[in-house]
Amino acid sequence: MTITDVLSLVRPHLLNLQPYSSARDEFDQSAIGTQQFVYLDANESPYDTGSNRYPDPYQRELKEKISAIKGIPSKQVFVGNGSDEAIDLVIRLFCNENDNILIPSPTYGMYKVSAEINNIQLKTALLDENFQLTKSFISNTDKNTKVIFLCSPNNPSGNLIDVQSVLDEFRGIVVVDEAYIDFTTTPSYIKQIDRYPNLVVLQTFSKAWGLAGLRLGMAFAQPEIISLLNKIKPPYNISSAAQRLGLQALAQEARMKQWVASIISERSRVAKELSKLTTVKMVFPSDANFLLVRIARAAEVYDELITSKIVVRDRSRVVRCEDCLRISIGTKEENDQLLEALRLSK
Ligand SMILES: *Cc1c(COP(=O)(O)O)cnc(C)c1O
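Structure (structure tokens):
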């Protein structure tokens with residue numbers, strides 16, 4: 009596929025859309041230099057609160073830093089109000105009312121919700137018992153399938169998904185949601201963007217970077233797609249506080265790597281300890297920061313854990329996750345509390 013093929017998938021009225029032009033769009037200080045200006049262009053308050061000025065609508069400084077860390081040009085980086093915003097924008101960019109998206113099942117819940125909010129059809133294809141795509145996955149698409157969302161490592165199962173087979177076969181947009189990529193040694197797909205112009209990779213600051221409360225997500229794609237996402241996003245989608253705190257976190261990459269190393273080592277310890285319990289039927293292999301655990305009387309165990317003031321995610325009513333709890337990896341102390349509570353549970 010070429011970028012021209014990809015642009016032909018965009019909803020035509022958005023290609024010609026004249027976006028909202030903010031005051032700071034029309035006057036870009038960075039183009040002129042570091043002089044101090046008197047800002048009377050945006051109806052802001054002149055009184056310094058630390059946040060009285062509108063934020064950079066294109067998050068240039070933050071993107072430069074992301075670009076350096078990820079080794080990808082900043083014009084291939086989009087920053088969203090969480091990756092959830094990018095999920096919604098991708099659907100809005102490509103899907104007209106008769107179009108549909110395809111997702112595997114079970115997977116992350118926001119693809120379905122975003123499809124429903126945008127009133128477009130959702131197709132789902134059941135994963136096999138090992139949470140892998142079946143051979144016939146692509147046959148679930150039709151001529152109106154614009155986007156396939158693949159979450160790898162997958163939520164709630166924790167395993168990597170065979171993205172390559174889909175990229176090789178599907179001639180629509182392939183979104184690879186890598187929210188958990190930092191917890192696996194498998195390389196990210198962001199380096200494949202030049203090879204596959206129909207590829208959009210999502211990552212987030214919410215997991216490994218420890219910033220779920222800030223709402224910062226990333227999308228990586230060809231510059232043409234990034235420009236279109238920028239064109240249709242709310243102008244100031246990332247607050248100045250989020251941009252500043254995101255930059256601060258990125259300056260401490262070593263701290264993030266330490267956290268990830270602890271979580272990975274705790275993940276194998278917790279998996280091993282859980283397997284020793286007679287009530288535990290299966291601990292699914294995980295490349296993420298959580299474990300999917302098949303356990304006798306899962307829904308009741310969930311309630312017992314609540315009584316012990318431990319909250320996990322009850323996935324027992326999700327397809328393929330019968331009797332399963334999804335358990336995030338915490339600190340060593342938190343994980344010990346969980347294991348102790350489960351040992352005491354009858
Ligand atoms: C947690 C998670 C996200 C994160 O979304 P944000 O909006 O960036 O917090 C995205 N995708 C998946 C699959 C997740 O599990």
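The sequence shown begins at 9 in our numbering and counts up one residue at a time. A virtual CB, placed ideally from N, CA and C, is assigned to each residue, including glycine. Only a predicted model underlies this, so the values are computations on that prediction, with no experimental measurement involved.
Any heavy atom of ligand 1 closer than 7 Å to the CB of D295? no
What does DSSP give as the partner residues of C329 in its beta bridges? Bridge partners of C329: none, in fact.
query = Between K131, L347 and A50, which lies nearest to A279 when the distance is taken from Cα to Cα?
reply = L347
### Task
Kindly examine ligand 1 and report whether one of its heavy atoms sits closer than 7 Å to the Cβ of D92.
yes
*asked:* Rounded to whole angstroms, what is the Cα-Cα separation between I125 and V46?
replied: 42 Å
Practice task
Name the one or two DSSP bridge partners that I95 has.
Solution key: According to DSSP, I95 bridges with nothing at all.
Check: Short check: CB of G4 to CB of G218, under 8 Å?
Finding: A question about residue 4 goes unanswered here, because the residues of the chain that appear run from 9 up to 354.
Notebook entry, point to check: So what's I318 in DSSP terms, helix, strand or just coil?
Noted result: coil
Can you look up N148 in the DSSP assignment and give me helix, strand or coil? helix
Which same chain residues end up closer than 8 Å to D136 when comparing Cβ atoms and leaving out the 5 residues on each side of it in sequence?
T142
> Any idea which residues DSSP pairs A133 with across the strands?
Replying inline: P112
**Message:** Starting from I74, trace the alpha helix (DSSP H) in both directions and tell me its first and last residue.
**Reply:** R68 to K78
In whole angstroms, what separates the C-alpha of L70 from that of L255?
-> 6 Å
*When the Cα atoms are used, what is the spatial distance from D322 to K131?*
24 Å
Q.
In this structure, how does DSSP classify F213 when only helix, strand and coil are distinguished?
A. coil
Quick check: is any heavy atom of ligand 3 less than 7 Å from the C-beta of G218? As for ligand 3, it is missing from this structure, which binds only ligand 1.
How many whole angstroms separate the CB atoms of F191 and A216, which I take to be in contact at a CB cut-off of 8 Å? 7 Å
- Compare the C-alpha of L110 against each of H21, R305 and F178 and name the closest. F178
Practice problem: Would you grab the beta carbon distance between I335 and L299 for me? Rounded to a whole angstrom, and I think it's under 8 Å. | Solution: 5 Å
key: Backbone CA spacing between P161 and F228 [nearest angstrom]   = 17 Å
>> Per DSSP, what are the beta-bridge partners of V424 in this structure?
In response: Nothing about residue 424 can be reported from this structure: the residues present for the chain run from 9 to 354 only.
Which runs of the alpha helix (DSSP H), 4 residues or longer, sit entirely within the segment 151 to 188? 171 to 177
- Under a CB-based cut-off of 8 Å, is V155 close to chain D? Looking at the structure shown, chain D is missing, and only one protein chain is on hand.
Nearest neighbour of V14, chosen from K120, V155 and P112 [CA to CA]: V155
Between C159 and I128, which are expected to be in contact by the criterion C-beta below 8 Å, what is the C-beta distance as a whole number of angstroms? At roughly 19 Å, the Cβ-Cβ gap does not stay under 8 Å, so C159 and I128 are not in contact.
Exercise. What is the rounded straight-line gap between the Cα of I303 and the Cα of E330?
Worked result: 9 Å
* **Bounding residues of the alpha helix (DSSP H) (the contiguous stretch that carries K284)** => Careful: K284 lies outside any alpha helix (DSSP H) and carries neither H nor E.
From S324, T339 and V301, pick the residue whose C-alpha is nearest to that of L350; which is it? V301
(request) Select from V268, D176 and S235 the residue whose C-alpha is nearest the C-alpha of F213. (result) V268
### Query
Under a three-way DSSP split, which group does S294 fall into?
coil
So, at 8 Å on beta carbons, what are the nonlocal neighbours of V326 in its own chain, with the 5 sequence-adjacent residues on each side left out? P114, P164 and C332
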